[in-house]
Amino acid sequence: MAYTVTLAELRTACLEQSDEQGYGYIDTVQLDRMINRSWARLYGRLAQLSEDDFTEAHTFTTEAGRDQYLLPGLFLKVRSVELYPGGFPGGGDSLSSGDPFYDPVYGTASATDVRRLRLFDLRERPRLSGSRAEPTHYRTIGSDKIRIMPVPSSAMGVLVWYVPAPRQLAASPGPSQVSSIDARAGWDDWIVYDVVAKIALKQEQDAATPLALRDSVWREDIEALVGSTDEADPERVLDIEGEDRREEWGLTP
């Protein structure tokens, strides 16, 4: 079972490390806010280093004449958008029995049943001005919508691989909140030292020591492990541009 840490455990660790235990200088509401801000900051750094650790899937079915669709409420950024011109295998609005990680290449669908959409670039507008049999591009709009271009003319399945925003820690979690977070490789230590530094600055004290400890945890523990959890499958250079231009080169039916 993965090592996790709760909000209560983080509170205790922060107060102990800051010698604030029992003094009441920082109330619970302030402390929880500091912890969640530090968690959000760490999450952002982790997501930059290894998007795979946080990637989730979202599916929807297009409608004829409609080009904009809602994204998940915790959407942060898109990693990839795939189009199923004939709809999802087995029908419905998901890939297979509610499993968003169903692999169309090795499952019941063949590799030709899926197309990867390209991110729309304003300079490519002339290329999209004519009619096409199916969409070729996408663009996110704000933080909650995605636009499919050209406008779909029929029902097609769309799979969005995305990185969600961090879920807030709470003692009694509600929607979009969690009661605990992953604490592997010193994630909890980084949060604690970052909060301790915030408390020191609030008290107009020197924050150099907790900041140095926080940065040490990042270099020696977190950065060394994130993105390297499977040594049998190291990172490889992928020809993304060539993959996107298969249609232009006549390699896609």
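No gaps in the numbering here: position 188 of the sequence shown is 324 in the working numbering, and each next residue is one more.
Using N, Cα and C, we set each Cβ at its ideal position, and we do this for glycine too.
Keep in mind that this is a model prediction, so the values were computed, not measured.
Under the three-state reduction of DSSP output, residue 200 falls in the coil class, being neither helix nor strand.
By the neighbour-count criterion, in which 16 or more other beta carbons inside 10 Å mark a residue as buried, residue 310 falls on the exposed side. As computed with DSSP, residue 300 is found in a beta bridge with 211. In terms of CA proximity to residue 347, 325 leads the group 361, 359, 325. Between the segment 286-301 and the segment 323-343, the count of Cβ pairs shorter than 8 Å is below three; the stretches do not touch. Counting C-beta pairs closer than 8 Å gives three or more between the segment 203-210 and the segment 273-287, which meets the contact rule.
Inter-residue distance for residue 359 and residue 212 is about 22 Å (C-alpha atoms, whole angstroms).
With contacts defined by Cβ atoms closer than 8 Å, residue 274 and residue 285 form a contacting pair. Burial of residue 272 is indicated by the presence of at least 16 other C-beta atoms within 10 angstroms of its C-beta. Counting other Cβ atoms within 10 Å of its Cβ, residue 257 stays below 16 and is therefore classed as exposed. In the structure shown, the three-state DSSP call for residue 223 is coil.
Contiguous beta strand (DSSP E) elements confined to the segment 335-362 do not occur, taking only those with 3 or more residues. For the 8 Å CB-CB criterion, residue 337 and residue 171 do not form a contact. Proximity to residue 140 across 316, 332, 355 peaks at 316, based on C-alpha coordinates. CA-to-CA, the gap between residue 321 and residue 196 works out to about 36 Å. In the DSSP assignment, residue 283 falls within the beta strand (DSSP E) that extends over 281-285.
Sixteen is the threshold: when 16 or more other Cβ atoms of the shown chains lie within 10 Å of the Cβ of residue 254, as they do, the residue is buried.
Per DSSP, the unbroken alpha helix (DSSP H) holding residue 171 starts and ends at 164-185. Contact annotation, residue 166 with residue 332: C-beta distance approximately 14 Å; criterion of less than 8 Å not satisfied. Our two residues, residue 146 and residue 357, have alpha carbons roughly 18 Å apart in a direct line. If you look at residue 140, you'll find it in the beta strand (DSSP E) that goes 140-142.
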